[in-house]
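Positions in the sequence shown are counted from 1; adding 1196 to them yields the working numbering.
Cβ coordinates follow ideal geometry from the N, Cα and C atoms, glycine included.
Note that the structure is a prediction, hence the values are computed from the model and not measured.
Input: a single structure, listed below in structure tokens.
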Amino acid sequence: DEKACEVTLASPLLAHATQAKVLFEERAVPVREGRLTDRFEPLGVHVYEVPAGAGR
């Protein structure tokens, strides 16, 4: 059953980031307390970029 879903990603690498740029798309998602939440279409893939040192 293929449905869109919302996913939360938590990582220490996001600890000091405030947003993550979604590569190959013209948008960014907010990062709060080391977590980001995004929506994925069935079989969807997102690549995120955060500033160097955001996990320090």
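Residue 1218 is not a Cβ neighbour of residue 1211, given a cutoff of 9 Å.
Taking a C-beta distance under 9 Å as the contact criterion, residue 1236 and residue 1200 qualify as a contact pair. Rounded to the nearest angstrom, the gap between the Cα atoms of residue 1197 and residue 1241 is 18 Å. Per DSSP, reduced to three states, the secondary structure at residue 1208 is helical.
Counting every other CB atom within 10 Å of its CB across the protein chains shown gives residue 1243 a total below 16, marking it as exposed.
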